[in-house]
Each structure stands twice: as structure tokens, then as C-alpha cells.
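Following: one structure in C-alpha cells, then a few remarks.
Numbering (my numbering), first residue to last: 442 to 611.
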């Protein structure tokens, strides 16, 4: 057992692994990859590590692990990195887009219109559904939140959108 930990430590600190990790981009993933390689080796049976080391195949095995960790969708490291990369790309795109700003008076008119719906008991549910739609961002999420049919939710949201559009175009 002690011998196995010494082998894993030597691989972890080896120049071959450092040379391999230098080629991996971006740099932010290198330390995570080194840690995942160490954890993967620690999960292996001691006999297998010793056998690979005696046959001088441990470095090739580590290279294979590194490759699988960095490109395969089955491992958490690659999926975590891809998610971060996607979020960063989306953030960048949003910063590059120039959205037109809506005048505050139109926003106030829309809010007043929605609040008027709260006074009538038959239209109260429309205001609640639309406000939740604005908060959650999708009709499916609203339907799930309230436990109501998706079709009804979509119909109510579309009705309120049409009413708001007519009100704001006046």
C-alpha cells in the first residue's frame, strides 16, 4: 500500500505529466486534470498500479486517463469545463448585444395594466400567471410551478402579451 502511494506521488510530481499538461489548454483546467488523474489512480487496485509500473506502462496509462478525462462526456471534469465554457460564451455574447432600452413610462404603464387585472377575480389568475412567467422565463416552468396544464398557461401568457402589446402601441 505504501509503495503504491509512493508510485502515485512520483507520477503526480513527474516531469512527464507536467510536459503533458503543458499542452492542454486552457490553463485553468490543468490543475483540475492533475487532481482527477491522481484520484483515478488512487481508485485503482494496488496490484494493477504496481504491475503497470513494473512494465513501464504507467505513464502511458496516465496519458490515456488524461485524454479520456479531457474529451469524454462521461467524466465530470469535461462536462464541468464544457458547461463553464458555454456559460462564459453566452455571457460574452450578451455583453456584445445592444438591446434597445424601453422607456420607463412604458414599463410603468405595463405594470399598472397588470395590477388592474388583480382587482377582477376572473383576471387575477392571468396576472399571477404572467408575473410568474416574467419571473421564471418559460411557460413550462409556470405550468409546473402552479400544477396547471401547459396549454392553458401558454394561452393566458399569449393573451396578456397581446393586450400589453396593444396597450403599449397606443
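Quick reminder that beta carbons are idealized off the backbone N, C-alpha and C, glycines included.
Same chain only: Cβ atoms within 6 Å of residue i, ignoring 5 sequence neighbours per side
i           : result
residue 445 : 487, 490
residue 547 : 609
Beta-carbon proximity of residue i to residue j, cut-off 8 Å
i           : j           : result
residue 504 : residue 454 : no
residue 605 : residue 554 : yes
residue 465 : residue 471 : yes
residue 500 : residue 468 : no
Cβ neighbour criterion (16 or more within 10 Å) applied to residue i
i           : result
residue 507 : buried
residue 575 : exposed
residue 449 : buried
residue 480 : exposed
residue 494 : buried
Nearest-angstrom beta carbon gap, residue j and residue i [assumed within contact, 8 Å]
i           : j           : result
residue 586 : residue 573 : 6 Å
residue 482 : residue 452 : 7 Å
Simplified DSSP state of residue i, which is helix, strand or coil
i           : result
residue 462 : helix
residue 589 : coil
residue 482 : helix
residue 455 : coil
residue 550 : helix
residue 496 : coil
residue 468 : coil
Any C-beta of chain D under 8 Å from that of residue i
i           : result
residue 494 : Annotation note: the requested chain D is absent from the structure, which comprises a single protein chain.
Residues of its chain near residue i, where Cβ-Cβ distance is below 7 Å and the 5 sequence neighbours each way are ignored
i           : result
residue 591 : 580, 581, 584
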